[in-house]
Amino acid sequence: MALAHNHAIKAQRTLVLQNEAQEITANLRPNPTFGADSQFIPIFTPSDFSVDNLNVTQQFDIGIGYLFERGRKRQARLQAARDQTAVTKSQTTDAERTLAFNVGQQFVSVLLAESTLEFALQDLKSFQQTVDIGETQFKAGYIGEGDYLKIKLQLLQFQTDVSSARLAKRQALVALRQFLGYDAVPADYDVMGDLGYEPLKVNEEDLQAKALSQRPDFRAAVLGVTAAQSQIQLAKANSKVDVNGTYDFSHVSAQNTASIFVGFELPIFNRNQGELARTRYALTQAQELQESASDTVISDVANAYEAVKSNDEVVQLYTSGYLKAAQDSRDISEYAYKRGAASLLDFLDAERSNRATQLAYRQALASYMTAIEQLKEAVGTRNLP
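Mind the numbering: the sequence shown is residues 4 to 388 in the working numbering, read in order.
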């Protein structure tokens, strides 16, 4: 949806159309020139206007000229324009790659907010039961007013968590809608999906090799070298001298004659030396940028791969037992507290620990999924092996 409706990417795509239009311009031939003149018109002696004066005295010239381009300039211009279009297409694809990552990252943010909201609502409902039980115990005289107030005040935290989670989800949806395009979805839209964990089953070297073959920004850098070479060929073509040819028909003194004129520059001072030198330096620049882009691709994949591994370890720590231990501790403390075998402080502490662990686990899942999105962007594909 973002690739179809995002206005920024639509604006970027027009650059390709602009370059293709420049190809048309580059392939155009020079226009011929038309010239006409009339000489010896007796404007200041009107009495001399006559057929004889028109035929014998006055001179008329009509001619057509054309610029003959040498050095295959038109072909060089067209090739340079086509190579620049190829670069722009890769740059546009790279913008789409970045947009896809932004959408994926923001989608994970929405899933995290949704999961946090669901957990907050469940926690609030569960603790509300504890408050109700506490109120019954207080009225029956089993607990003091101080303990009951502590339980009731703790309810405020859960209510605040619900409000904060609702706000976070709403803001995440608004941010995602900006990438999708406001016209693409209604204001009350929602997303489907869950925070999940799927282990990565590919090594770093394979990902780096795939990135070098698929990353559009690296492809743009490679094509930039080709475009720079085309500019050198164009500069060489422009150094060739063009020829102006003109054919004239003249009527002079009752005689009809024809004339042919040829003119061209003498390449004594300007032989396009500066542009030839500049384009050679531009080629060196493009080659260095290609090497730099290659280093960037390798580094991006390495950093993203390490981020996935690190977040993978964190998720596995939670799923290996810590998540269950926090839930069990909370359940045991609640069971013991309701039966008078544990203090209120112990129960509330176990409640806070479980809440913190559950929220941290959801954040770990979101971080892992975001790291996967980052790796997809670094490799330049939406489908990892």
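Glycine is no exception: its CB is placed at the ideal position from the N, C-alpha and C atoms.
* To do: Spatial neighbours of ALA39 within its chain, please: CB distance less than 6 Å, with the 5 preceding and 5 following residues excluded, ordered by chain position.
  => ILE65
* Any idea if THR119 is buried or exposed, counting beta-carbon neighbours within 10 angstroms, 16 or more meaning buried? -> buried
* **Beta-carbon spacing of ASN357, GLN319 below 7 Å** => no
* **Range of the contiguous beta strand (DSSP E) that encloses GLN62** => 62 to 71
* According to DSSP, which residues form a beta bridge with ASP251? -> GLY66, SER262
* Asked: Helix, strand or coil for VAL244 per DSSP?
  -> coil
* Asked: In this structure, does DSSP put THR384 in helix, strand or coil?
  -> coil
* Asked: Under 7 Å, do ALA231 and LEU286 count as touching if we go by C-beta distance?
  -> yes
* Asked: What's the gap between the Cα of GLN290 and the Cα of LYS76?
  -> 25 Å
* Take the Cβ of TYR385 as the centre, count every other Cβ of all protein chains shown within 10 Å, and call the residue buried at 16 or more, exposed below. => Here the sequence assigns Arg to residue 385, which means Tyr is not the residue at that position. Under this definition ARG385 is an exposed residue.
* Using the C-alpha atoms, what's the distance from LEU198 back to ALA171? -> 16 Å
* Does DSSP put ALA190 in a helix, in a strand, or in coil? -> coil
* Asked: So who's on the other strand from ALA353, going by DSSP bridges?
  -> Answer by DSSP bridge pairing: none, since ALA353 is not bridged.
* To do: Have a look at LEU159 and ALA116 and give me their C-alpha separation to the nearest angstrom.
  => 20 Å
* Residues near MET372 by beta carbon distance below 6 Å, same chain, minus five either side -> VAL111
* Name the DSSP beta bridge partners of GLY38, please? -> GLY66
* Let me know if ARG365 comes out buried or exposed under the rule of 16 or more other beta-carbons within 10 Å of its beta-carbon. => buried
* Asked: So, helix, strand or coil for PHE52, using DSSP?
  -> coil
* Asked: What does a CB cutoff of less than 7 Å around ILE235 pick up in its chain, not counting 5 residues either side in sequence?
  -> THR282, ARG283, LEU286
* Asked: Between VAL18 and ALA178, what straight-line distance do the alpha-carbon atoms span, to the nearest angstrom?
  -> The sequence shown places Leu at residue 18, rather than the Val named in the question. Distance between the alpha carbons of LEU18 and ALA178 is about 26 Å.
* Measure the CB-CB distance between ALA223 and GLN108 and report whether it falls below 7 Å. => no
* Does the segment 201 to 220 come close enough to the segment 131 to 149 to have 3 or more Cβ pairs within less than 8 Å? -> no
* Asked: In whole angstroms, what separates the C-alpha of THR260 from that of VAL225?
  -> 58 Å
* Asked: How should GLU309 be labelled, buried or exposed, when 16 other C-beta atoms within 10 angstroms of its C-beta is the threshold for buried?
  -> exposed
* To do: Kindly identify the DSSP beta-bridge partner or partners of PHE267.
  => VAL246
* To do: Reducing DSSP to helix, strand and coil, say where PHE161 ends up.
  => helix
* Could you give the residue range of the alpha helix (DSSP H) that holds SER256? -> Element bounds for SER256: n/a, residue is neither H nor E.
* **Cα-Cα separation between ALA280 and GLU26, rounded to whole angstroms** => 24 Å
* Asked: Assuming SER302 and PHE221 make a contact with CB atoms under 8 Å, what is their CB distance in whole Å?
  -> Contact flag wrong, Cβ pair sits at about 12 Å.
* To do: For MET4, collect the residues of the same chain with a Cβ closer than 6 Å to its Cβ; drop the 5 residues on either side in sequence, then sort them by chain order.
  => LEU183, ALA187
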